[in-house]
Amino acid sequence: MKCDPTLYRAAEPSLAVKPRLIRHLFLPPLIIALMVGLGFIGFWTSEHFGIRSLGENGQRQLELHARAVESEISKYTYLPSLLELETSVPQLLADPTPEHRQTVNDYLEGLNRRSRSRAIYVMDTTGRVMATSNWRDVDSYLGEDLSFRAYFKDAVRGQPGRFYGIGSTNGEPGYYLAHGLEEHGKIIGVAVVKVRLEAMEERWQRARLEAFVSDENGIIILSSDPARRLKSVIPLSDEVKEKLARSLQYYWFPLNELQPLARETLAEGVEKLTFPANSELQPDEDDISYLAQTRLLSDTPWNFTLLTPLQDLRREAINQGILVAVAFALFAFLLIAWNERRKVLATRLAAREALQEANSQLERRITERTADLRASNERLKSQIRERRQAEETLRRAQDELVQAGKLAAIGQMSTSIAHELNQPLAAMRTLSGNTVRFLERGQLDVASTNLKTINDLIDRMGRITASLRSFARRGDNKGQASLGKAVDAALQVLGARVENTALQIHRQFADVQLLIDQTRLEQILVNLIGNALDAMHAQPQPQLWLEGEEFNGKYRLRVRDNGHGIDAEARKHLFEPFFTTKPGEQGLGLGLTLSASLAAATGGHLGVEHPAGGGTTFVLSLPLVSPLSAEPI
Ligand code: ADP
1 MKCDPTLYRA AEPSLAVKPR LIRHLFLPPL IIALMVGLGF IGFWTSEHFG
51 IRSLGENGQR QLELHARAVE SEISKYTYLP SLLELETSVP QLLADPTPEH
101 RQTVNDYLEG LNRRSRSRAI YVMDTTGRVM ATSNWRDVDS YLGEDLSFRA
151 YFKDAVRGQP GRFYGIGSTN GEPGYYLAHG LEEHGKIIGV AVVKVRLEAM
201 EERWQRARLE AFVSDENGII ILSSDPARRL KSVIPLSDEV KEKLARSLQY
251 YWFPLNELQP LARETLAEGV EKLTFPANSE LQPDEDDISY LAQTRLLSDT
301 PWNFTLLTPL QDLRREAINQ GILVAVAFAL FAFLLIAWNE RRKVLATRLA
351 AREALQEANS QLERRITERT ADLRASNERL KSQIRERRQA EETLRRAQDE
401 LVQAGKLAAI GQMSTSIAHE LNQPLAAMRT LSGNTVRFLE RGQLDVASTN
451 LKTINDLIDR MGRITASLRS FARRGDNKGQ ASLGKAVDAA LQVLGARVEN
501 TALQIHRQFA DVQLLIDQTR LEQILVNLIG NALDAMHAQP QPQLWLEGEE
551 FNGKYRLRVR DNGHGIDAEA RKHLFEPFFT TKPGEQGLGL GLTLSASLAA
601 ATGGHLGVEH PAGGGTTFVL SLPLVSPLSA EPI
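Listed below in structure tokens is the structure:
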């Protein structure tokens, strides 16, 4: 089976290799870049929406806790103004005797205990503390001049004094609420309540809330994280710092800025702050980011800021980013695998189609060839039939020719046969007449001799007629023949012609069994020897050589004479029917043709040689029955 090679020709190398090389070179970096890019987008989106969600939640928390701070502060708002109602206070301010002072001290002490404020005290219009709830303490405010305090300055002008500061006496932080005490429309003194708001801080810490409150100067006055306390949330100039230091509002504490690593404003009142990690407490932690949401506390110049840590959100966003990158990598891998699979399938499909095409082409060709072969087979068959018919016709013609040849030979021989038969008949007539006479004379022995001679003559005549009959009979292609017997029979048929000449016969052949009908072999030999005798009729010393030899499973008999030979022209037509050089009725020109046909019919051959020394040699080759059984005669 041979397929069309063009069907399987590979693509041009330059066209097949280059895109693959380019793909292999650029695809991995591209996929990695896309992974990183998409991962970052995933991270960013997750963080963005996370912050937004946190922001919404934080806003509620901010509102809640800011209100808590506001309510904590507003609890004490009216406390200083209540002192106007207490008659002992204006009395003291009008007449600051020790008795009045003690009365007010006791009153303030009790009021302070009940209201759970830090301290309540009353100042005159010069800023000196006239009475205080902590009059018993060593660091009591009593007699102290606090006219430099801003809340005093506001209150003495009739404005509400609100102030966060660190006490100059004991360095304790507190929220001061001041109120100008009026009598008949005139400020006679100032009442102050100092409140501690640290409880708020403790509450935030317990609730694990990160928050702080910054005052009008931007200084953190309350913070869930003590480290942030008294830090500035806005940048402070040296001038402002000095001013604040001089006011002793924050006592002598250094006012540093709260310095975040990064600050990003997301919306009004919403910032993203990043602080360095506390390396001592959390050595493994990264920098800490917060969502800072700020709101002004009503009735104060303060801001409440709620800090929501973003670590969890960040971690979540990183995970989301990694997830997106991994999902993309998986998707890319699946896409590549699918593409490769598709290509493999396409290649297989193409190969299968090519194979099918080749197969169908092959089948078409086989069908065409088969049809051709069938047609030529039919032609061959019809030729064989014609050949057989021709052979049959030829064989029948040959048989007819053989028969005709025989009849012709009989015709030819009839004269000599008649002569041959007449001679013994005449002799027999004479002998029989003599025998009668000898019997009458009683010469029995002579009569007996004559009768014996007559017997011999009858035998001879019988032989002549028998050979003639056998010659005339139709033979067949089958059967076996003895070469010796055939030669004898032929010589007997030709007996008269042989005996009338001084012929010398040289018999140098073996009595082999040949694969030919006995009669046919005799016919061939009669023809060959008869021709030789004809050729030697002018030869004074005629000689006939019958020489045999085995050759290639056949027996080759040479019939050689020393006759006149055959001239060059006659040699060309020897085996043609009716070719003869013999004058008149002597030759029919069928002998050699028939002999060659008979030899060929048994698988043998008849040929001719022309010896240099003269004469003619006919070579008869016939198949042996058993090639090794030949014995010389
Ligand atoms: P016919 O004997 O009737 O002529 P053949 O076929 O037997 O026919 O022979 C054809 C011719 O071949 C003969 O006429 C003769 O001229 C020639 N020929 C055959 N045998 C010999 C021979 N032994 N020597 C010379 N000529 C021969």
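In the UniProt record's numbering, the protein residues as written are 1 to 633. We put the beta carbon where it would ideally sit given N, CA and C, even for glycine. Quick caveat: nothing in here was measured; it's all calculated off a predicted structure.
For residue j and residue i, the rounded distance between their alpha carbons
i      : j      : result
Thr430 : Asp445 : 17 Å
Gly615 : Ala532 : 9 Å
Glu182 : Met123 : 13 Å
Pro260 : Met200 : 24 Å
Trp44  : Leu335 : 26 Å
Leu306 : Asp238 : 28 Å
Ser74  : Ser46  : 41 Å
Glu210 : Asp225 : 7 Å
Ser482 : Ala510 : 10 Å
Leu588 : Phe575 : 12 Å
Thr103 : Ser88  : 7 Å
Phe333 : Ala351 : 26 Å
Gln282 : Arg114 : Any answer about Gln282 is weak, because its pLDDT of 49 lies below 50 and its placement is not dependable; what the coordinates show is given next. Their backbone Cα atoms lie some 43 Å apart in a straight line.
Leu313 : Gly37  : 20 Å
Ala490 : Ala397 : 25 Å
Leu528 : Ile454 : 33 Å
Arg369 : Glu386 : 25 Å
Asn377 : Arg507 : 52 Å
Arg558 : Ala596 : 14 Å
Ile188 : Glu84  : 10 Å
Leu255 : Phe275 : 18 Å
Val625 : Glu547 : 19 Å
Arg246 : Glu109 : 31 Å
Ile166 : His65  : 24 Å
Thr77  : Leu177 : 7 Å
Ala327 : Ala337 : 15 Å
Gln518 : Leu606 : 17 Å
Ala277 : Ala262 : 13 Å
Tyr175 : Gly42  : 47 Å
Simplified DSSP state of residue i, which is helix, strand or coil
i      : result
Trp338 : helix
Pro28  : helix
Ile505 : strand
Ser71  : helix
Ile288 : strand
Leu528 : helix
Ser626 : coil
Thr602 : coil
Ser298 : coil
Phe578 : coil
Asn377 : helix
Asp567 : coil
Gly548 : strand
Gln311 : helix
Glu268 : coil
Asn319 : helix
Ala510 : strand
Gln361 : helix
Gln293 : strand
Ala262 : strand
Gln539 : coil
Glu257 : strand
Asn57  : helix
Asp517 : coil
Cβ-Cβ separation, residue j to residue i (assumed contact under 8 Å), whole Å
i      : j      : result
Ala325 : Gly58  : At roughly 29 Å, the Cβ-Cβ gap does not stay under 8 Å, so Ala325 and Gly58 are not in contact.
Phe212 : Leu197 : Not a contact, Cβ separation roughly 12 Å.
Glu271 : Ala292 : 4 Å
Ser289 : Leu273 : 7 Å
Leu515 : Pro627 : Incorrect: roughly 11 Å between the Cβ atoms, too far for contact.
Gln539 : Gly563 : 6 Å
Leu79  : Ser117 : 7 Å
Tyr141 : Ala119 : 7 Å
Leu230 : Ile220 : 6 Å
Leu451 : Leu503 : About 32 Å; that fails the 8 Å criterion.
Item to check | Residue ranges of each alpha helix (DSSP H) within the region 126-195, 4 or longer | outcome: 150-156
Checklist entry - Where in the region 190-243 do unbroken runs of the alpha helix (DSSP H), each at least 4 residues long, occur, reported from the N-terminal end onward? => result 198-206
Checklist entry - Which residue spans inside the region 93-124 form an unbroken beta strand (DSSP E) run of at least 3? => result 119-124
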